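Residue numbers (the numbering used here): 7 to 159. Worksheet for the structure shown next.
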């Protein structure tokens with residue numbers, strides 16, 4: 007059995023694609039410092055399945071989070087004042103939908119000021135979603151950041 011070959015190609019309903027893109031947008035919007043942080047993180051919680059798993063790789067020991075262990079330290083960091091003007095945004099990606107499952111796979115950038123110094127980074131994220139009675143919800147997400155030996159095109 008070969009696990010490579012022709013990729014799965016679907017012709018998803020544009021309504022589903024728009025809904026998935028909205029959920030992914032909520033995910034990225036949550037990671038912005040400044041006013042309304044609590045509202046953005048609450049919005050993110052509303053699109054996460056209660057038992058969602060979020061995984062960070064980034065060349066470090068893999069860290070696996072549940073919803074609360076993922077959100078709490080980010081709320082603390084973004085509200086602490088240590089980072090100014092922090093934001094993340096998608097730079098490109100694609101949505102695949104098959105029945106009640108969907109995936110967004112794409113790249114993103116981030117920028118912030120810390121200690122008066124401007125920083126920026128890039129990475130890739132994969133976000134898996136399930137269609138639930140209340141709409142599309144994130145069931146899992148994983149990310150890796152660009153670094154020595156891991157470059158984005």
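Ideal Cβ placement from N, Cα and C applies to all residues, glycine included. Just so you know, these numbers come straight off a predicted model, no measurement behind them.
Counted within 10 angstroms of its Cβ, other Cβ atoms place residue i as buried (16 or more) or exposed
i           : result
residue 108 : buried
residue 54  : buried
Whether residue i touches residue j by CB criterion (7 Å)
i           : j           : result
residue 112 : residue 98  : yes
residue 73  : residue 147 : no
residue 130 : residue 102 : no
residue 132 : residue 84  : no
residue 23  : residue 110 : no
residue 234 : residue 34  : Residue 234 lies beyond the residue range present for the chain, which begins at 7 and ends at 159; the question has no answer from this structure.
Same chain, Cβ closer than 7 Å to residue i, neighbours up to 5 away in sequence not counted
i           : result
residue 47  : 36, 77 and 81
residue 141 : 25
residue 152 : 127, 128, 129 and 158
Anticipated Cβ contact below 8 Å, residue i with residue j, distance rounded
i           : j           : result
residue 114 : residue 139 : Incorrect: roughly 29 Å between the Cβ atoms, too far for contact.
Cβ shell of residue i (< 6 Å), same chain only, five flanking positions each side left out
i           : result
residue 18  : 103
residue 123 : none
residue 134 : 109, 145 and 146
The ligand MG heavy atom lying under 6 Å from the CB of residue i
i          : result
residue 21 : Ligands are entirely absent from the displayed structure, and the ligand MG is therefore not among its contents.
Cβ neighbours of residue i in the same chain (closer than 8 Å, five flanking residues each side left out)
i          : result
residue 49 : 32, 35 and 36
| field | Runs of alpha helix (DSSP H) lying entirely within the stretch 13 to 85, each at least 4 residues, in chain order | value | As far as the stretch 13 to 85 is concerned, its whole alpha helix (DSSP H) runs of at least 4 residues are 20 to 35, 43 to 53 and 73 to 85.
| Continuous beta strand (DSSP E) assignments of at least 3 residues falling wholly in the stretch 76 to 135 | Runs of the beta strand (DSSP E) inside the stretch 76 to 135: 89 to 104 and 107 to 120.
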